[in-house]
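Counting in my numbering, the sequence shown runs from 1242 upward without gaps. Backbone N, C-alpha and C define an ideal beta-carbon position, used for all residues, glycine too.
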Amino acid sequence: MTFRLLAAGVALASALGAVAASAQEFPSKPIRFVTPYPPGGATSLHAAIITTAAEPFFGQPMISIIRAGGGGVVGTTEVSKAEPDGHTVLFGDPTIISLRPQVEPLPFKADDFIPVARINYAPAVFVAGKNAPFSNLKEMTDYAKANPDKLVYSSDNVNGLTYVAFEMLKKETGTKMKGVEFGGGGPAITQLLGGNTMAYAGLPTVVGEHITSGAVKPICVADTQRWDGFKDVPTCTEAGAPIIWHFWLGALVPKGTPADRVKRLSDGFGELVKDKGFLTLIGRINSRIDFQPHEEFAKTLEAERAALKALYVSLGKLPG
C-alpha cells in the first residue's frame, strides 16, 4: 500500500512537473501574429509596432503576417484552424469577431477563439475628400439629401468598421449615400485621397496624418468626447448626429489553447503596453492604448456582441 501511494505520488509529481515545464518553456518558437487585412490600415500599422517591440516581453520573436482576403475572413479562418498551442495569434477587431459571425455564414464562429488581450480602443472619424463639396456634417448631410446616392464614400468591407459607421450616419440623418467596398482601410483611404470617392470613416491611426496635412477635411468623431490628436474636430453628437462607434484591436488565439498559455500571452501584452518606446511609437500614429487582460476582454466581447446584435435589429438587418 505504501509502495502504491509512493508510486502514485511520484507519478503526480512528474505530471505537475511536466505541466510546469510546459508553461515555462512557452513560447518555444516565434509567435505568428496574423493580421487579416491589407497593408496600410490601422490593423497592419499597429501590428508592425507590436511585433517590432514584442520580443523582450515574450522571450521569442513575434512575426507580423498579413493574410488579407474576404474582408478579414481568410486570415481569421486560418487562425481558427491553427494548432491551439499559443504560437499563432490573431490580431482581430469587433467586426470580424463580434459582428460578422452573427450576420454572415462564415467558416468560423466567434467562440472558435479565446480572447487574450485588448490592445487599444478608438473611435471612427468621419472625413471628406479635399475637393468634396462639403466641409462639415451639416453640409455633408444637406448635400446627401439634395443628391440621393450621389455622395459616394470609401468603405472597407460589408459589415466592416466604415460600413457600420455610415449605416449609423444614414439612419440618424435620414440620408441615402453610396458606399464602395475596397477590402480594407488602407485601400479605402487611398481611393479617397485619389479623389475617387468623397468621404470615409476610419480610425485616427489611418486618417490622423491626412487631417494634419490637410489632405482630407475632418467632419466629426464618433465618440463621447473629442480626440486628443485633433481637439478642433467636433464629436458627431456635437455636430448633430448622435453616433458613437468605437473600435478595438486585440489578440485572440484558437479555441483549445491551454489556459496557462493564454495567461502568459495576456501578461506579455500587459507588459508590452507599458513600455515607453512602444508607447512613443503608438503615439506617432495617433493611437492610444486601452488595455484589457484576457478575462476582462472576454466580458467586454460578450457585451459587445449583444449590443451589435441590437444595433443590427434596429437597422432592420436582423430579425428582432
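Backbone CA spacing between residue i and residue j [nearest angstrom]
i, j, result
"alanine 1551", "valine 1320", "28 Å"
"glycine 1258", "alanine 1283", "Below a pLDDT of 50, predicted positions are generally treated as unreliable, and glycine 1258, at 43, falls in that range; the measurement from the model is reported next regardless. In a straight line, the C-alpha of glycine 1258 is about 42 Å away from that of alanine 1283."
"valine 1399", "lysine 1540", "26 Å"
"threonine 1292", "serine 1305", "6 Å"
"phenylalanine 1519", "leucine 1286", "13 Å"
"serine 1263", "glutamate 1537", "Residue placement at serine 1263 is flagged as unreliable, the pLDDT there being 45, under the threshold of 50; a coordinate-derived value is accordingly withheld."
"asparagine 1437", "tryptophan 1486", "25 Å"
"alanine 1456", "isoleucine 1355", "40 Å"
"alanine 1544", "aspartate 1473", "32 Å"
"valine 1314", "serine 1339", "13 Å"
"leucine 1542", "proline 1374", "39 Å"
"glutamine 1432", "proline 1279", "14 Å"
"glycine 1312", "valine 1514", "27 Å"
"glycine 1316", "isoleucine 1307", "8 Å"
"serine 1269", "serine 1507", "16 Å"
Own chain residues within Cβ distance below 8 Å of residue i, not counting five before or after
i, result
"valine 1554", "Pro1560, Gly1561"
"glutamine 1343", "Ala1351, Arg1546, Leu1549, Lys1550, Tyr1553, Leu1559"
"threonine 1465", "Thr1476, Thr1478, Ile1485"
"glutamate 1512", "Phe1298"
Under 8 Å between C-beta atoms of residue i and residue j
i, j, result
"phenylalanine 1274", "glycine 1509", "no"
"isoleucine 1460", "asparagine 1377", "yes"
"aspartate 1397", "glycine 1435", "no"
"alanine 1406", "alanine 1463", "yes"
"lysine 1458", "lysine 1517", "no"
"leucine 1184", "alanine 1365", "Not covered by the structure: residue 1184. The range shown for the chain is 1242 to 1561."
"phenylalanine 1332", "alanine 1288", "yes"
Closest Cα partner of residue i within the set the options
i, options, result
"glutamate 1422", "Arg1308, Thr1414, Ala1442, Ile1306", "Ala1442"
"valine 1330", "Glu1545, Gly1497, Phe1471", "Gly1497"
"tyrosine 1404", "Ile1523, Ile1337, Glu1324, Arg1529", "Ile1337"
"cysteine 1477", "Tyr1384, Lys1379, Asp1397, Asp1352", "Lys1379"
"isoleucine 1430", "Leu1402, Pro1483, Lys1417, Lys1411", "Leu1402"
"alanine 1294", "Leu1542, Thr1446, Leu1522", "Leu1522"
"serine 1454", "Gly1470, Val1462, Ala1406, Ala1323", "Gly1470"
"histidine 1451", "Gly1427, Gln1466, Pro1277, Thr1465", "Gly1427"
"proline 1534", "Ala1500, Leu1433, Gly1524", "Ala1500"
"glycine 1281", "Ala1309, Glu1296, Ser1269", "Ala1309"
"threonine 1276", "Gly1511, Asp1334, Val1447", "Asp1334"
"arginine 1562", "Phe1367, Gly1511, Asn1388, Arg1525", "Outside the displayed span of the chain (1242 to 1561) sits residue 1562, for which this structure offers no information."
"valine 1447", "Glu1345, Asp1353, Arg1529", "Arg1529"
"glycine 1449", "Arg1525, Leu1410, Glu1296", "Arg1525"
"threonine 1414", "Gly1420, Ala1480, Asp1353", "Ala1480"
Own chain partners of residue i with C-beta closer than 7 Å, once the 5 adjacent residues on each side are dropped
i, result
"phenylalanine 1267", "Gly1327, Arg1502, Arg1505"
"leucine 1556", "Glu1408, Lys1412"
"lysine 1391", "none"
"arginine 1341", "Leu1347, Asn1400"
"proline 1389", "Lys1417"
"glutamate 1345", "Asn1400"
6 Å CB neighbourhood of residue i in its chain, flanking five on each side removed
i, result
"threonine 1318", "Pro1348, Phe1349"
"alanine 1440", "Ala1369, Tyr1394"
"proline 1325", "Pro1495, Gly1497, Thr1498"
"proline 1271", "Gln1301, Pro1302, Ile1304"
"threonine 1416", "Thr1382, Ala1385, Lys1386"
"aspartate 1531", "Asn1361, Tyr1362"
Is the segment 1349–1362 in contact with the segment 1477–1493, if contact means three or more CB pairs nearer than 8 Å? yes
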